[in-house]
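K.L.:
For what it's worth, the working numbering labels the leading residue of the sequence shown as 52, then goes sequentially. In this text, a Cβ means the ideal position worked out from N, Cα and C, and glycines have one as well. As the structure is a computational prediction, the values presented were derived from the model and not from experiment.
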Amino acid sequence: MFLLTYQEKLSAVENFAKSLGCEVLRGEPLAPHTSVRTGGPADLLIFGGVRTAAVEKMCKDAGLYSYILGNGSNVLFSDDGFRGAVLINQVGSESVICDGTLITAPSGVQLSAVCKAALQNGLTGLEFAYGIPGTVGGAVYMNAGAYGGEMSQAVEKVEAVDVAGKAVSFTLDELSLGYRTSRFAQTGEVITSVSFRLSEGDPNEIKAKMEELIGRRRSRQPLEYPSFGSAFKRPEGTYAGLVIEQSGLKGFKIGGAQISPKHANFIINLGNATSADIIALIRHTQKTVREKTGYDLEPEVRIIPPEADK
Ligand SMILES: Cc1cc2nc3c(=O)[nH]c(=O)nc-3n(C[C@H](O)[C@H](O)[C@H](O)COP(=O)(O)OP(=O)(O)OC[C@H]3O[C@@H](n4cnc5c(N)ncnc54)[C@H](O)[C@@H]3O)c2cc1C
């Protein structure tokens, strides 16, 4: 398999994915598949759904570079696009299972759908997550969190497929969940399903909390523009938005990318931004904030390929 030319690798993976019933596109721009709406074409874009892990294994066997995308809410692809296969892992919410206080969902289900299932079943513990865009798999990979909650407080078990194609299962303490990170950032395992352990609660209170937190997001975040949420991780002892604002950068623009005038830790796409504009704005912000306040800001978004960030 490793003696294949690049074109032969693409064809081998394309044919395999099609044989599993996956839709495959060649040269499809990645911009419509990310929340910030930038990114050039992928040589292969495969709608893997529940077959994502199988297609990923085939990519490995063929020696083809691949990348798994949930909702694309925290990924910035280069304007040059992606040489290899991007596998989109999204599935409908019909296979979410509620068993007592345990909710289990395939990794491609939207996190909001799991939060709604929790509400419908009178289960509390995921209210914080309701407004976080993305899939359940992306949320565990990033240990997504908001308003004092994060995935580590609700996840009980994760099923995955390892790089050898073997099904594996992890309990919470094996996930290495930290601030916007997890074991999966190192291992290359594909998350296939997630179980959340919740508690019985009052549906009216759960609903009220979800609505309150969504209201806070709408009033403070520039949700009317494409973005990837928080641009930078929270620095020790302060807030990224605060030091960016103190550095005089609120509203600062490079090309079509702007530090949101509404929330300084959001970089928004005004409509015609390129990924290069956004990367330049990230770098300018880091440099200015370091010079003016002494804080080092680390991007939260994943820049792909990493060398695009040079
Ligand atoms: C408006 C807005 C608000 C946001 N607010 C928040 C917030 O409050 N809190 C917060 O934490 N984040 C927030 N985010 C960021 C984002 O929503 C989260 O990081 C989310 O969890 C990403 O999920 P996703 O499915 O979009 O993952 P993607 O962005 O598609 O992928 C993220 C990473 O996970 C990997 N991945 C995805 N699925 C799998 C899988 N099945 N197996 C292995 N790896 C996988 C990808 O390869 C990638 O490295 C916000 C984003 C936006 C646009």
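Would you say T238 touches ligand 1, meaning its beta carbon is less than 7 Å from a heavy atom?
P.N.:
No, the Cβ of T238 stays beyond 7 Å of every heavy atom of ligand 1.
K.L.:
How is R353 classed by DSSP in three states: helix, strand or coil?
P.N.:
Strand at R353.
K.L.:
Quick check: the Cα distance between Q204 and Y181, rounded to an integer number of angstroms?
P.N.:
Near 14 Å, if we compare the C-alpha coordinates of Y181 and Q204.
K.L.:
Please determine whether the Cβ atom of T186 lies at a distance below 7 Å from any heavy atom of ligand 1.
P.N.:
It does: the Cβ of T186 is within 7 Å (strictly closer) of some heavy atom of ligand 1.
K.L.:
Can you tell me whether DSSP reads Q58 as helix, strand or coil?
P.N.:
Note: Q58 maps to helix in three-state DSSP.
K.L.:
Along the chain, where does the alpha helix (DSSP H) that runs through A164 open and close?
P.N.:
First-last of the alpha helix (DSSP H) with A164: 162–171.
K.L.:
My assumption, with CB atoms under 8 Å, is that I154 sits in contact with L249. Please give the rounded CB distance.
P.N.:
That pair is a contact at about 6 Å.
K.L.:
Leaving out the 5 sequence neighbours to the left and right, which residues in its chain are closer than 6 Å to S144 when beta-carbon positions are compared?
P.N.:
Once the five neighbours on either side are set aside, the close Cβ partners of S144 are V160, A164.
K.L.:
Thinking C-beta only, is V87 closer than 8 Å to F279?
P.N.:
For F279 and V87, yes; Cβs fall inside 8 Å.
K.L.:
Between which residues of its own chain and G200 is the CB-CB distance below 7 Å, once the five residues before and five after are set aside?
P.N.:
If we look at G200 and ignore the five residues flanking it on each side, its Cβ neighbours are F179, A180.
K.L.:
Would the beta-carbon of N140 fall within 8 Å of that of G90?
P.N.:
No, the pair does not count as a contact, with Cβ atoms beyond the cut-off.
K.L.:
Please report the straight-line C-alpha distance between E65 and A113, rounded to a whole angstrom.
P.N.:
Cα to Cα, the separation comes out at about 11 Å.
K.L.:
What do you get for Y57, buried or exposed, if any count of 16 or more other CB atoms within 10 angstroms of its CB means buried?
P.N.:
Y57 comes out exposed.
K.L.:
Measure the beta-carbon distance from L55 to A63 and round it to whole angstroms, keeping in mind my assumption that it falls under 8 Å.
P.N.:
With a Cβ gap of about 6 Å, L55 and A63 count as contacting.
K.L.:
Determine the extent of the beta strand (DSSP E) in which I119 is found, giving its start and end residues.
P.N.:
Looking at the DSSP string, the run of the beta strand (DSSP E) that includes I119 is 117–120.
K.L.:
Does the region 283–293 come within contact of the region 183–203, defined as at least 3 CB pairs closer than 8 Å?
P.N.:
These segments do not touch.
K.L.:
Is S227 close to ligand 1? I mean its beta-carbon at under 7 Å from any heavy atom of the ligand.
P.N.:
Every heavy atom of ligand 1 is 7 Å or more from the Cβ of S227, so no.
K.L.:
Taking 7 Å as the cut-off, is the beta-carbon of V165 closer than that to any non-hydrogen atom of ligand 1?
P.N.:
Not under cutoff, so the answer is no.
K.L.:
Just checking F235 against ligand 1 - is the residue's beta carbon closer than 7 Å to any of the ligand's heavy atoms?
P.N.:
Yes - ligand 1 has a heavy atom lying nearer than 7 Å to the Cβ of F235.
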